[in-house]
Amino acid sequence: MMRHFYILSIVLTILMTVSCASKYRPDLKGKNRSAERIKLVKNFATDYFAKCEKQDYSEFQGYKMDINFKNKLNPESLQRSCEYYNSRYGTITIGELSEAKSNYSPKDFLDYFIFKAKDSKSDSVQFVRVNIYRDNNMLERISIPRYKKPTKGIRITIHK
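The numbering used here numbers the first residue of the sequence shown as 549 and each following residue consecutively.
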């Protein structure tokens, strides 16, 4: 009986967390969603995948980056990630802005810009996410989320 209570309380906790998840990533508004910031992030994503397509693993010019991110973009690491993206997705073309989110927590200073992207190996729409620091427009990360809707709810499956 006690075991069922613990399992039920864990399931309810997970369901409450998932139902409140959208409150922790509200849409960006005002100056944080300016056309200048969107253009900066989109240009970086476009340049990143253009470098991959051209097999140009040189340093990025004209972008402010977090020191850890800049160190991750060294020629060897950039080559590895580009080879992975090229083998998995082919040529990636950045499309329109899908979502712009921010964490609700005051401890988190990142904004997330998620663009629709088209790849040459499939007909499905992919997403490219670029993280940028809110206070100084410094790039923090670029990734292709595994999920179709990267910031929408989470599916939970309970097996009996």
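Beta carbons are placed, not taken as given, at the ideal position from N, Cα and C, and that holds for glycine.
Since the structure is predicted, the reported quantities are computational estimates derived from the model, not experimental observations.
What are the start and end residues of the beta strand (DSSP E) that includes residue i?
i      : result
Leu646 : Rather than Leu, the amino acid found at residue 646 in this sequence is Ser. 640-650 is the extent of the beta strand (DSSP E) around Ser646.
What are the residues that DSSP puts in a beta bridge with residue i?
i      : result
Gln674 : Ala665
Tyr709 : An answer regarding residue 709 cannot be provided, because it is not within the stretch 549 to 708 covered by the chain.
Leu687 : Met613, Ile680
Can residue i be considered in contact with the ligand COA, in the sense that its beta carbon sits closer than 7 Å to one or more heavy atoms?
i      : result
Gly638 : In the structure on display, the ligand COA does not appear, and there are no ligands present to speak of.
Would you kindly report the start and end of the unbroken alpha helix (DSSP H) that includes residue i?
i      : result
Ser629 : 623-637
Ile615 : 615-620
Phe592 : 583-602
Rounded C-beta distance between residue i and residue j? I'm assuming under 8 Å.
i      : j      : result
Leu588 : Lys649 : Not a contact, Cβ separation roughly 17 Å.
Leu658 : Asn679 : 5 Å
Thr639 : Ala665 : The pair is not a contact, with the Cβ atoms about 10 Å apart (cut-off 8 Å).
Tyr611 : Phe597 : Not quite, the Cβ-Cβ distance comes to about 14 Å (not below 8 Å), so this is no contact.
Are there 16 or more other CB atoms within 10 angstroms of the CB of residue i, so buried, or fewer, so exposed?
i      : result
Ile615 : exposed
Gln674 : buried
Arg677 : buried
Lys583 : As written in the sequence, residue 583 is Ala, which differs from the Lys given in the question. Per the 10 Å Cβ criterion, exposed.
Leu626 : buried
Ile556 : Rather than Ile, the amino acid found at residue 556 in this sequence is Leu. Answer is exposed; the Cβ neighbour count stays below 16.
Asp667 : buried
Tyr660 : buried
Phe553 : exposed
Tyr632 : exposed
Met550 : exposed
Ile662 : buried
Ile690 : buried
Residue i by DSSP, collapsed to three states: which one?
i      : result
Ile692 : coil
Ser570 : Reliability fails at Ser570, whose pLDDT of 48 lies under 50, so the model's placement of it is uncertain and no value is given.
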